[in-house]
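Data first, discussion second: the structure below is written as structure tokens.
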Amino acid sequence: EHTFVASVFGSGICLLFAVTSSDTFLTLAGVFAMGICAGSVYVLGFTLLHENVEEQLRGRVFSALYTLVRFCLLLSITVGGFLSDGFNWLFDVLFDNEVTVGSWAMALPGVRGALWMASSFMLIASVLAWISLRVPQKKPS
14 EHTFVASVFG SGICLLFAVT SSDTFLTLAG VFAMGICAGS VYVLGFTLLH
64 ENVEEQLRGR VFSALYTLVR FCLLLSITVG GFLSDGFNWL FDVLFDNEVT
114 VGSWAMALPG VRGALWMASS FMLIASVLAW ISLRVPQKKP S
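Throughout the sequence shown, residue numbering follows the numbering used here, covering 14 to 154 in sequence.
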């Protein structure tokens with residue numbers, strides 16, 4: 014259970030690192046590490062569901078999970094472009110699409126903002142998973 018939470022948190026941190034980095038090698042390393050964490054989240058999530066869901070409900074829970082995963086994939090493809098355009102407009106208004114501190118500069122395209130938001134969702138999900146796994150579970154007697 015703790016490995017699941019650590020993997021979700023690691024996925025969020027790796028995505029945040031990959032998006033923030035401007036170096037291609039560091040970005041690839043971050044995406045590779047995120048893939049490792051995301052793969053373990055997928056496997057561990059299904060394992061935890063299999064262990065903790067009653068046999069009578071297991072089929073319904075897994076079908077609902079598959080439906081939600083597919084719906085979220087469709088939603089991300091649909092909303093991602095609009096979100097990226099919105100962040101691009103916001104960064105253009107606020108920062109002229111670039112942040113400069115001394116000689117250091119970082120471009121701020123809208124895609125970067127959308128992926129920052131995605132990584133923050135992953136980090137929030139890891140905190141929520143950690144909280145839900147800390148709550149004492151009632152054992153059937």
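Quick reminder that beta carbons are idealized off the backbone N, C-alpha and C, glycines included.
The structure displayed is predicted, hence computed values, not measured ones.
By the beta-carbon neighbour count (other beta carbons within 10 angstroms, threshold 16), G23 is buried. Fewer than three Cβ pairs drawn from the segment 58-67 and the segment 27-38 lie within less than 8 Å of each other, which leaves the two stretches out of contact. Only exposed fits F45, as fewer than 16 other CB atoms lie within 10 angstroms of its CB. Around the Cβ of L128, a 10 Å sphere holds 16 or more other Cβ atoms; the residue is buried. Rounded to the nearest angstrom, the gap between the Cα atoms of F108 and A131 is 21 Å.
Beta-bridge analysis with DSSP links A77 to no other residue. The criterion of a C-beta distance shorter than 7 Å is not satisfied by S139 and V54. Contact between the segment 120-127 and the segment 94-108 is present: 3 or more CB-CB pairs across the two stretches fall below 8 Å.
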